[in-house]
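J.:
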Amino acid sequence: QEKSCHLSAALLGEDSEISQDQLYELLKYAALGKCHNAAQPSWCHIYHQSHLAGVVVVVLQEMSQLHFYRFYLQFKHLRKVFRHRFTLAPSANFPVSLYRERTNLKPQNTPQGLASSSSECITKSSDLKCDPIIQRYGGKKQGLTSYTLTLEEQKKNDYPIEGSPGCKGYISTECDQQRTDSSPLFGLDCEMCLTAKGNEVTRVSLVDAQGQCLLNELVKPESTVVNYRTRFSGITKKMLLPVKTRLSDIQTRLKKMLPLDAVLVGHSLNSDLQALEMIHPSVIDTSLLFARSEGRRFKLKFLAKAVLGKEIQCEQKLGHDPTEDARAALELAQFFIEQGPTKVAELNLEMLLTAEKLAEVSQNKAVLQPQGCGFQEQLNEPPPLSKPCFLDCLQVTGQKPLLLGRQGLDSSGLCQSNLSTSNKQILQRALEDVPLSKFSIVQFSLGPEYLASHLHAGLYEKVRSKLTDMLTIYAGPFEENFCMKSVKKEFGRCGPIQSLTVVTETFQPFVCIQYEVLEAAQLAVESLNGAEVAGSFIKVQRPVTAAMLDCNVLIKELELDVENEGVIYVAGLKKSLTETDLQEEFSQLKDLETMFLPKDLQSGKHRNCCFLKFHKTQSAVDALEAINGWTMKGSQLRSRSALAPGHLWRWIWQMNHSNKKQGNHIFYEKMEQLSNSEQDLRKKVKKLDHYIKKLYRSLQNNTLCVVLFPGV
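Residue 698 in this note's numbering sits at position 607 of the sequence shown, with consecutive numbering throughout.
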């Protein structure tokens, strides 16, 4: 059964705020796995990380949590698809922050290759036991037979095996004599072209243990060539025109040349033997010999330079030289056997690979850095050879990061940049390029005109005002001498009250109650409207303002929000009950996953309400029926579906406890300007939501997608 990759992050309430470092932690592990010191994030868990198809971060420049809730209804797709939401602590430019992890290193390029005797590049003996080479072979030097692939390893790595269904018609080398540690080694490498049949051999090279070339032959494919792959194979149509040698001729010659106890050496030798349609029982594969974690493999070109100090597959040459590659693979195997696993592990090849790639990356940055971008100045970048930062590490592992955004948002020559001027152009480029990239950052922007401080302040005031209205209810009319204590007690059963005041401007008194959570206000409207309270049958309603005309629509959408699936709100709890008491009381509820008990952020005391999250939506529905009217320690409970996730609850609390009167006069002076800007903004947000929908639908399954509102 195919494993699906998924994220587990059951955080509620105060825990739903994450830092920039925690986001970095998640992205680093998702993209890199366990290499480059990446580890499972401390605050969530990614299952089957190796099955991740890619990571996509969509950054909505100039937008914050404020915009998400101001234009909640416009973000129709975003709120229905993305089930995990967290408040992110304010930070600087997000792509810039990915370059922060740096510590100086001093790798050197010595005559023996990249291997250096400096302490920075040589692995300490205490760390060797964790090296994949030591874990696979142990630390002691052994003979060559210890490094030949077993039958099971050959099957696992797609080697042609005698009797396998896919090897029908394959020719055996018939080298079936018992191998010993003194058996002869032969280096083998082939170049292939793509034909109508698939990969077919067009050139074969064989070298002996002394590196002498025994065979270097062009081969005429049986089928029509579709792609000569000249850049890699070095083969052209002109070269093959006079060739008469066929695959069967090569098979016959190899059978004659190889002694009965021959051990073939090659880099990813399975591909060569498959193309040759030959079966050989004893092989050393240098791509597996120099073991790495997570099933990754070093390239032959890198190993030749790092271990042997040899430059192969140079860009100046047309294609690879199979004799050169066969000789390099042979010498690598000989080095490994002669020096032993410990000496090879001490080279710290992972660090050397990082150093080599960083040298290339820093060179590219110097060449490709856009003029006037100012990004390097922003980074205050240290010398090129430093501990790999996040995007550098991606580059090292072959996952070239993709950064798409407007001019001035490009990070460096490391990332492919798109200097488009519109979000639509960025989307079109993203639809083409993101599916081809393992790690992408796509930046959409509202535009500099929406950065004005008075527009942001006005937006904040509108959101605060609307949330305050949604948290507020009016109840009445009451008799002249009604009991305020009874009113407070009855309405307090719906949830924590922020303030309670008597309205005296009316013929009969009314009471204005402001709650701390949305669920409490909604519960009061639903359960107490028309009820008898303090001797009067009362009406319970929210304030009637222009901003509240769509309140019922908003409440319904909040109920249907994916983040609230399986979550219910329970009120009427006695404050004397401890968290342990509550867990014991609610333990009888089926499929209960977790409980969140909101606390006063100043006193630290828990409120008279809680949120319960269930594994299944139906279990939450059943719990609602069971809890309503349930008496716990003499107190009658009330419950309903959740409306506000934990991060919104905390945000509301902070807004309500901020200075509500701050600078209100400036908004009225510019209200008309703000209203016009907000109309435009609403349209832009709706379009952005549509763009996210299109981009999301183009992604492969098992892609981790993060949408970031970085703030202003």
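We put the beta carbon where it would ideally sit given N, CA and C, even for glycine.
All values reported here derive from a predicted model rather than from experimental measurement.
Between R320 and chain D, is the shortest Cβ-Cβ distance under 8 Å, so that the two count as touching?
T.: Looking at the structure shown, chain D is missing, and only one protein chain is on hand.
J.: Could you name the residues that DSSP lists as bridge partners for S531?
T.: By 1-based counting over the sequence shown, the position of residue 531 is 440. Answer is V147, L493.
J.: The beta strand (DSSP E) with D376 in it runs from where to where?
T.: In the sequence shown, counting from the first residue as 1, residue 376 sits at position 285. Note, D376: beta strand (DSSP E), 374-376.
J.: Is it buried or exposed for Q374, if we count other Cβ within 10 angstroms and need 16 for buried?
T.: Residue mapping note: residue 374 aligns to position 283 of the sequence shown, counting from 1. The amino acid occupying residue 374 in the given sequence is Val; Gln does not appear at that position. Looking at its Cβ environment, which holds 16 or more other Cβ atoms inside 10 Å, V374 is buried.
J.: Of all the options L799, R497, V354, F381, which has the alpha carbon lying nearest to the alpha carbon of I370?
T.: Counted from its first residue, the sequence shown places residue 370 at position 279. Selected option, being the one with the closest Cα: V354.
J.: How should K774 be labelled, buried or exposed, when 16 other C-beta atoms within 10 angstroms of its C-beta is the threshold for buried?
T.: On the sequence shown, residue 774 is found 683 positions in, with the first residue counted as 1. It counts as exposed.
J.: Would you call the region 246-266 and the region 345-354 touching, i.e. three or more CB-CB distances under 8 Å?
T.: At 8 Å Cβ cutoff, the stretches touch.
J.: My output table needs one value for F389: the three-state DSSP class, helix, strand or coil.
T.: Here residue 389 refers to the residue found at position 298 of the sequence shown. Reduced to three states, the DSSP call for F389 is coil.
J.: In terms of residue numbering, what span does the alpha helix (DSSP H) encompassing R294 cover?
T.: Counted from its first residue, the sequence shown places residue 294 at position 203. Taken as a continuous stretch (DSSP letters only), R294 belongs to no alpha helix (DSSP H), being part of the beta strand (DSSP E) at 290-298.
J.: Given C96, which residues of its chain have a CB within under 6 Å of its CB, disregarding the five upstream and five downstream residues?
T.: The count along the sequence shown starts at 1 and reaches residue 96 at position 5. Excluding sequence neighbours, C96 sits near H139, H142, L143, N793.
J.: For the alpha helix (DSSP H) holding E684, just list the boundary residues, first then last.
T.: For the purposes of this step, residue 684 is taken as residue 593 along the sequence shown, with counting starting at 1. Looking at the DSSP string, E684 is not in any alpha helix (DSSP H); the run it does join, the beta strand (DSSP E), is 683-687.
J.: Rounded to whole angstroms, how far is the Cβ of E684 from the Cβ of K704, which I believe are closer than 8 Å?
T.: Your numbering for residue 684 matches position 593 in the sequence shown. Your numbering for residue 704 matches position 613 in the sequence shown. About 5 Å separates the two Cβ atoms, so the contact holds.
J.: Our contact map puts T563 next to Q605 with C-beta atoms below 8 Å; I'd like the distance itself, whole angstroms only.
T.: As a first step, residue 563 is located in the sequence shown; it is residue number 472 there, counting from the start. As a first step, residue 605 is located in the sequence shown; it is residue number 514 there, counting from the start. Indeed, because the Cβ distance is near 5 Å, the residues count as touching under 8 Å.
J.: With the cut-off set at 8 Å, would you say V295 and C304 are in Cβ contact?
T.: By one-based count along the sequence shown, residue 295 stands at place 204. By one-based count along the sequence shown, residue 304 stands at place 213. Contact flag unset, no.
J.: Given 8 Å as the limit, is there contact between the region 611-621 and the region 578-595, that is, 3 or more CB pairs closer than that?
T.: Because the criterion of three Cβ pairs below 8 Å is met, the region 611-621 and the region 578-595 touch.
J.: What residue from L423, W134, L494 has the CA that sits closest to V148's CA?
T.: Mapped onto the sequence shown, residue 148 falls at position 57. Selected option, being the one with the closest Cα: L494.
J.: Using 8 Å for Cβ pairs, my map puts S255 next to K288. What's the rounded Cβ distance?
T.: Walking along the sequence shown from the start, residue 255 turns up at place 164. Walking along the sequence shown from the start, residue 288 turns up at place 197. S255 to K288, Cβ: 19 Å. No contact.
J.: When the Cα of P223 is compared with those of L164, N439, F573, which residue comes out closest?
T.: Taking the sequence shown and counting its residues from 1, the one referred to as residue 223 is at position 132. Cα-wise, what sits closest to P223 is N439.
J.: Determine the contact status of Q152 and S513, defining contact as a CB-CB distance below 8 Å.
T.: By 1-based counting over the sequence shown, the position of residue 152 is 61. By 1-based counting over the sequence shown, the position of residue 513 is 422. The answer is no: Cβ separation not under 8 Å.
J.: Helix, strand or coil for T315 per DSSP?
T.: For the purposes of this step, residue 315 is taken as residue 224 along the sequence shown, with counting starting at 1. Note: T315 maps to coil in three-state DSSP.
J.: Look at the Cβ atom of N248, then the Cβ atom of C284, and state whether they are nearer than 8 Å.
T.: Within the sequence shown, numbered from 1, the residue matching residue 248 stands at position 157. Within the sequence shown, numbered from 1, the residue matching residue 284 stands at position 193. Cβ distance not < 8 Å, so N248 and C284 don't count as in contact.
J.: With H, G and I counted as helix, E and B as strand and the rest as coil, what does DSSP make of Q165?
T.: Counting from one through the sequence shown, the residue named residue 165 turns up at place 74. DSSP places Q165 in coil when its eight states are reduced to three.
J.: Is the distance from the Cβ of I137 to the Cβ of Y120 below 8 Å?
T.: Taking the first residue of the sequence shown as 1, we reach residue 137 at position 46. Taking the first residue of the sequence shown as 1, we reach residue 120 at position 29. Cβ distance < 8 Å, so I137 and Y120 count as in contact.
J.: What's the C-alpha gap between L790 and V146?
T.: To locate residue 790, count along the sequence shown from 1; it is residue 699. To locate residue 146, count along the sequence shown from 1; it is residue 55. The alpha-carbon atoms of L790 and V146 are separated by roughly 10 Å.
J.: For L739, count neighbouring C-beta atoms within 10 Å of its own C-beta (all shown protein chains included) and say buried if the count is 16 or more, exposed if not.
T.: As a first step, residue 739 is located in the sequence shown; it is residue number 648 there, counting from the start. Label assigned to L739: buried.
J.: Within 10 angstroms of the Cβ of P275, are there 16 or more other Cβ atoms? Answer buried if so, exposed if not.
T.: As a position in the sequence shown, residue 275 is number 184, starting the count at 1. Exposed, since its Cβ has fewer than 16 Cβ neighbours within 10 Å.
J.: Taking its Cβ as the centre, do 16 or more other Cβ atoms sit within 10 Å of T445, making it buried, or is it exposed?
T.: Locating residue 445 in the sequence shown gives position 354, where the first residue counts as 1. Flag for T445 reads buried.
J.: Ends of the alpha helix (DSSP H) at E282?
T.: Start at 1 with the first residue of the sequence shown, and residue 282 comes out as number 191. That residue, E282, is in no alpha helix (DSSP H); its beta strand (DSSP E) goes 276-286.
J.: Kindly indicate the opening and closing residues of the beta strand (DSSP E) around K724.
T.: Translated into positions along the sequence shown, residue 724 becomes position 633. Per DSSP, K724 belongs to no beta strand (DSSP E) and is neither H nor E.
J.: Can you name, in chain order, every residue of its own chain whose Cβ lies under 7 Å from the Cβ of F173, other than the five neighbours on each side?
T.: Residue 173 sits at position 82 when you count from the first residue of the sequence shown. Answer for F173: V798, listed in chain order.
J.: Give the straight-line distance between the Cα atoms of M639 and Q632, rounded to the nearest whole angstrom.
T.: Within the sequence shown, residue 639 is the residue found at index 548, counting from 1. Within the sequence shown, residue 632 is the residue found at index 541, counting from 1. Each residue's Cα considered, the two are about 11 Å apart.
J.: Consult DSSP for H371 and reduce its assignment to one of helix, strand or coil.
T.: As a position in the sequence shown, residue 371 is number 280, starting the count at 1. In this structure, H371 counts as coil in the three-state DSSP scheme.
J.: Give a yes or no on whether the C-beta atoms belonging to K232 and G431 are separated by under 8 Å.
T.: As a working mapping, residue 232 is identified with position 141 in the sequence shown. As a working mapping, residue 431 is identified with position 340 in the sequence shown. Their beta carbons are under 8 Å apart, which means K232 touches G431 by this criterion.
J.: Assuming T241 and T271 are in contact, meaning their beta carbons sit under 8 Å apart, how far apart are those beta carbons, in whole angstroms?
T.: What you label residue 241 is simply residue 150 of the sequence shown in a count that begins at 1. What you label residue 271 is simply residue 180 of the sequence shown in a count that begins at 1. That belief does not hold up - the Cβ atoms of T241 and T271 are roughly 17 Å apart, past 8 Å.
J.: Tell me the DSSP secondary structure of G567 in three-state form.
T.: Along the sequence shown, read from residue 1 onward, the residue named residue 567 stands at position 476. Of the three classes helix, strand and coil, the one that applies to G567 here is strand, per DSSP.
J.: Taking a contact to mean a Cβ-Cβ separation below 8 Å, would you say K529 touches A130 in this structure?
T.: As a working note, residue 529 is residue 438 in the sequence shown. As a working note, residue 130 is residue 39 in the sequence shown. Not in contact: K529 and A130 (Cβ atoms no closer than 8 Å).
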